[in-house]
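Its first residue numbered 1, the sequence shown is counted upward by one per residue in the UniProt record's numbering.
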Amino acid sequence: MKIQCIDRMGAPQNTFLVKIRQHTILLNCPLESTALSAFARPATQPLYPQPPSSINTLSSILSSYDETRKSANDTNYSLASSQLDNCEDRCVFRIADFSLVDVHSIDLVIIANSQLMLGLPFLTEYLGYKGKIIATEPTIEFARYRMEELVSYHGHSITSIAPKSSTHFSQLGAMGQSCIEQGWRSLYTMKEIASCIEKIQPVRFTETLTLFSTLRLEAHSSGHSLGSANWLLETSYKKIVFLSSSSLVTGLHPLDFDTSVLKNADVIHVSDLTNQSHLDLSFQRSKAKMMSYIGRALQARGNVLFPIPTMGIIFDLIGEIRNYLLSVGVEIGHETHQIPIYMVGPMANRSLQYANICGEWMTPELQEQLYVPKMPLPHGLLLKSGGLQAVGSISLDVKAKKDFKEPCIVFTGDYACPTNGPVSWFLKKWGNSEHNVCIVVDPEVPSFDVPLGCRMTVLRAPLDTRITLTEVGRLLTMNWMRKLDGSPRHIIIPKCQGATQFQEDWRQKGADVHIYTSGDILDVDLKRKWDKVTISEKVGNSLQLSQLEPQAPGSASYLLPISGSLHLHNNQLVLGDMNSGPSTRAITLADNRTPIQPVDAISIMKRLKESGIEYAALRLVRDHLGNQKIILPSYMEASIVFEPNQTTILADDPEVRELLSAVVRGTIPNI
Numbered sequence: 001m002k003i004q005c006i007d008r009m010g011a012p013q014n015t016f017l018v019k020i021r022q023h024t025i026l027l028n029c030p031l032e033s034t035a036l037s038a039f040a041r042p043a044t045q046p047l048y049p050q051p052p053s054s055i056n057t058l059s060s061i062l063s064s065y066d067e068t069r070k071s072a073n074d075t076n077y078s079l080a081s082s083q084l085d086n087c088e089d090r091c092v093f094r095i096a097d098f099s100l101v102d103v104h105s106i107d108l109v110i111i112a113n114s115q116l117m118l119g120l121p122f123l124t125e126y127l128g129y130k131g132k133i134i135a136t137e138p139t140i141e142f143a144r145y146r147m148e149e150l151v152s153y154h155g156h157s158i159t160s161i162a163p164k165s166s167t168h169f170s171q172l173g174a175m176g177q178s179c180i181e182q183g184w185r186s187l188y189t190m191k192e193i194a195s196c197i198e199k200i201q202p203v204r205f206t207e208t209l210t211l212f213s214t215l216r217l218e219a220h221s222s223g224h225s226l227g228s229a230n231w232l233l234e235t236s237y238k239k240i241v242f243l244s245s246s247s248l249v250t251g252l253h254p255l256d257f258d259t260s261v262l263k264n265a266d267v268i269h270v271s272d273l274t275n276q277s278h279l280d281l282s283f284q285r286s287k288a289k290m291m292s293y294i295g296r297a298l299q300a301r302g303n304v305l306f307p308i309p310t311m312g313i314i315f316d317l318i319g320e321i322r323n324y325l326l327s328v329g330v331e332i333g334h335e336t337h338q339i340p341i342y343m344v345g346p347m348a349n350r351s352l353q354y355a356n357i358c359g360e361w362m363t364p365e366l367q368e369q370l371y372v373p374k375m376p377l378p379h380g381l382l383l384k385s386g387g388l389q390a391v392g393s394i395s396l397d398v399k400a401k402k403d404f405k406e407p408c409i410v411f412t413g414d415y416a417c418p419t420n421g422p423v424s425w426f427l428k429k430w431g432n433s434e435h436n437v438c439i440v441v442d443p444e445v446p447s448f449d450v451p452l453g454c455r456m457t458v459l460r461a462p463l464d465t466r467i468t469l470t471e472v473g474r475l476l477t478m479n480w481m482r483k484l485d486g487s488p489r490h491i492i493i494p495k496c497q498g499a500t501q502f503q504e505d506w507r508q509k510g511a512d513v514h515i516y517t518s519g520d521i522l523d524v525d526l527k528r529k530w531d532k533v534t535i536s537e538k539v540g541n542s543l544q545l546s547q548l549e550p551q552a553p554g555s556a557s558y559l560l561p562i563s564g565s566l567h568l569h570n571n572q573l574v575l576g577d578m579n580s581g582p583s584t585r586a587i588t589l590a591d592n593r594t595p596i597q598p599v600d601a602i603s604i605m606k607r608l609k610e611s612g613i614e615y616a617a618l619r620l621v622r623d624h625l626g627n628q629k630i631i632l633p634s635y636m637e638a639s640i641v642f643e644p645n646q647t648t649i650l651a652d653d654p655e656v657r658e659l660l661s662a663v664v665r666g667t668i669p670n671i
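If you want it as C-alpha cells, here you go:
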C-alpha cells in the first residue's frame, strides 16, 4: 500500500492519495481560502501574529511589517489597496495540488466530514473526476449549506469560469499572476455545487459497502460533528483505518467516537490532529473564558459577535450560552429584560432546522428524545419561542438596523473575508464601542483583521475538540491489541510536536510508526498471507467429492480436491481450468525448460531501455542474500530478482508483469 499527502506546503494535511491493490482512493477534498483584505494595516502588527511558516505570500504584501522596509511596504500597500478596491474577488480559494495526479486514475473518493468536502466541486466540475464519491448523509447536507453560503458571499458574477482562466484576477496585475501560480482562483458556482452533490453516494454508520469485488468500506462515528466519519477499509483480510477530525470531548451533540473501528486493524492512519500550541487553553478553559467575556459585554450593555459557520460546534454553543445566561439571571428572548440571539446567513434557517432532524447521528441521550415530542437540540425551543432568530441577509436600510434589538448575541456565518458578508456589516456597526466584543472560536483562524479604527474588543478563544497525538496514544493503548498471528501493525501520523517520541514509544510496543509531511510517499508493506479466490464455473462443475475411510464407527470424512490455474482477472483472483488460455503455454514452457547460464542483469536493463523504460530510472542492487535485483521506476511498482537457479518478477500490475516477462524471455537463451 502506498499513501501520499497531496496538500500544499503550509496547508493543513487532510488530503491523501491511497493506492492499494491497483485501486487509487482519494481521502477528503478540503478547500483552502485566503482573504485579500483591504483592511490590512502595514504600519501595525497583525492582531494575532502568524508564525512565518503560515504566512501566505499572496497576503504578505497586505499584512507584513518591518521597520527597515516601512516605506516600501506602505507604497506596495497603497498600490494593492487601490487594485483591490476595483477587484470583484476579495477572497480566493484553492484545493490540494493535483498537478502531478491523473484524476482519471482515481477510483474512489471518501469524505470524513463536511469541512473536508468543500473543495469537491473543483474536482468533479473542473478537473473532470467521474468516479465514485461516498460520504454520510449529514456530511453531504452540511457541506452543501456551507458551499452555498460561500458562493452567496464570494461567488463570481458570471456563470462559470474556465479552470485556468485569469479573467477573475485581471484587475490585480502582478498579484493576479501570483494568485494563479500558487493555485488560487475564484469560487465555483451554485450550478456546479448542485451537479457535484448529485454524484455523491450517501451512507450510514456501519453500513458495509463492497466495491470492485475486493474492497469493503465502512463509516464509523468520529465524534467531531454530525455525520463525521472515520473509515474502515478491508481488503485481502487486512484492515486499514483512516482517522480524521476525531473528538473525545464529552457532553457535545454528535455521536461519540466509535472505538470498535480500531479492533484488529493492521494499519491506522491519523490526520487532522489539533494544532493547539502551549499558549492555547484547553477546550473547557477556553469555553469558560469565552463565557466570562459574554457576561461582561452584556452587563455593560454591549453586543457579542461570533464569526463562525452556522453548523458544527455552534449547535452546542447556543445551548451552553443559554445555560450560562440563566445561571446569572438572564433569559433569552425579545422582551425588555431579555437578550436575543440572531444567526445571520442565507443557510442559517435551513442548517438549524436540518440539525434537529438528525437525531440518529447524535448521542444516545439525544436519540431518546426522538421518541417523545421534543426536539433534541436546545435551539429548537429557542426558535419556536423567538429567542433565537435566523436572519437570511443584512440590508443597509434603516428598517434592517431597527430589527436587531440590542444588546444581543449574533452568529454571523462565514468569516473567510472580513470585507464581505454580515461580518463586515457588524464590525462597522459596532466598531465604535469597546463594550462590544468579537469572539473568534474557530481554531483554524490564526488571525482576524478588523477595520482600521475599530475599537471593538476582539477575543480569540479557540474551541478545538479534535484529538491530540497524546490522546491517539491512549486510544490505541486501550483499543488496539496486538494481533494473535503476529502480523505487523502500522501507525501513520503527521509530523508534529511529539511525533518522534510517539514513534519511539510505539516501536517498543511492536508497531511500525511512519511520519508524513506534504508530498511524502509512504510505502506500507501489508504482508498479505491470504486472499479470496473465485472458482470458475468450469472448475466448479468438475469437482468430485470423495469419501474417506471412517476413523470411527458412525463418522464420515470427505475430501474435495481442487486444482486449476490461478490468474488475475479484473483485479480478482480466479481459479480457472488448467487446460485453457495462457496457462497451457505456461505449462509447456515449464516442461521444455533446459538449464541455462547465469543471467546478465545489465543485458536485461538494456532491453528494458529498448522497451521504453528510462535507463537512468533503473537501479541495480543486491538484496540481503547477495542476489542481484533490478528495481524499476516507482510508478511501475516492480522489480526483477536474479537468484542462482531462478529469476523472479515481482509486479502487482498484470500489464507490467507481462512486459517484464517478455523482456526476460527475450534476453535469456533457451526459454
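Note that beta-carbon positions come from the ideal geometry of N, C-alpha and C, so glycine has one too.
Predicted model, so just to flag it, every value in this text is computed and none were measured.
Closest in alpha carbon position to phenylalanine 283, among Asp107, Thr465, Ile332, is Thr465. The three-state secondary structure of isoleucine 602, taken from DSSP, is helix.
Leucine 243 is bridged by DSSP to Val270. A residue is called buried once 16 or more other Cβ atoms fall within 10 Å of its Cβ, and aspartate 7 is buried on that count. Put simply, the region 298-306 does not touch the region 509-528. Fewer than three CB pairs are less than 8 Å apart.
Here serine 557 has Leu548 as same chain residues with Cβ atoms under 6 Å from its own Cβ, once five neighbours each way along the sequence are excluded. The C-beta distance from phenylalanine 257 to serine 246 rounds to 6 Å, short enough to meet the 8 Å contact threshold.
Unbroken beta strand (DSSP E) runs of no fewer than 3 residues, entirely contained in the region 409-479, are found at 409-411, 437-440, 457-460, following chain order.
Ranked by Cα distance from leucine 217, the first of Asn432, Ser152, Ala229, Ile341 is Ala229. When rounded, the separation of the alpha-carbon atoms in glycine 128 and isoleucine 197 is 14 Å. Here the alpha carbon of tyrosine 126 sits roughly 16 Å from the alpha carbon of methionine 147. In the DSSP annotation of this structure, the continuous segment of the beta strand (DSSP E) that includes tyrosine 516 starts and ends at 511-516. DSSP places leucine 209 in no alpha helix (DSSP H) but in the uninterrupted beta strand (DSSP E) bounded by 209-211. The continuous alpha helix (DSSP H) containing isoleucine 193 extends over residues 190-198. It is roughly 57 Å from the alpha-carbon of alanine 616 to the alpha-carbon of threonine 412. In the three-state reduction of the DSSP assignment, valine 656 falls in the helix class, which pools H, G and I.
Per the C-alpha coordinates, the member of Ser213, His253, Leu383 positioned closest to glycine 333 is Leu383. Per the coordinates, the alpha-carbon of methionine 456 lies some 48 Å from the alpha-carbon of lysine 130. The straight-line gap separating the alpha-carbon atoms of glycine 312 and alanine 355 is approximately 9 Å. For the pair glutamine 338 and lysine 429, the Cα-to-Cα distance works out to about 21 Å. In the displayed model, glutamate 614 falls within coil according to three-state DSSP, outside both helix and strand.
In this structure glutamine 115 is buried. Its beta-carbon is surrounded by 16 or more other beta-carbon atoms within 10 angstroms.
In the three-state scheme derived from DSSP, where H, G and I count as helix and E and B as strand, tyrosine 558 is classed as strand. Restricted to the region 108-157, the beta strand (DSSP E) segments that are unbroken, complete and at least 3 residues in length are 108-110, 132-136, listed in chain order. Buried is the label assigned to valine 18, since at least 16 other Cβ atoms lie within 10 Å of its Cβ. Just so you know, the alpha carbons of aspartate 102 and arginine 21 end up roughly 17 Å apart. Boundaries of the alpha helix (DSSP H) harbouring glutamine 501: 499-508, taken from the DSSP string. The C-beta of histidine 104 has fewer than 16 other C-beta atoms within 10 Å across all chains shown, which makes the residue exposed. If you check the CB distance, asparagine 275 and lysine 239 do not come in under 9 Å. Just so you know, the alpha carbons of methionine 578 and histidine 253 end up roughly 59 Å apart. Under the three-state reduction of DSSP output, tyrosine 342 falls in the strand class. If you compare the alpha carbons of Ile649, Leu211, His567, Lys199 with that of valine 533, the shortest gap goes to His567.
Comparing alpha carbon positions, the residue from Cys438, Glu637, Phe426 closest to aspartate 523 is Glu637.
Between valine 664 and isoleucine 604, the alpha-carbon positions lie close to 7 Å from each other. For histidine 490, the enclosing beta strand (DSSP E) starts and ends at 489-494. Counting the other CB atoms within 10 Å of its CB gives alanine 390 a total of 16 or more, which places it among the buried residues.
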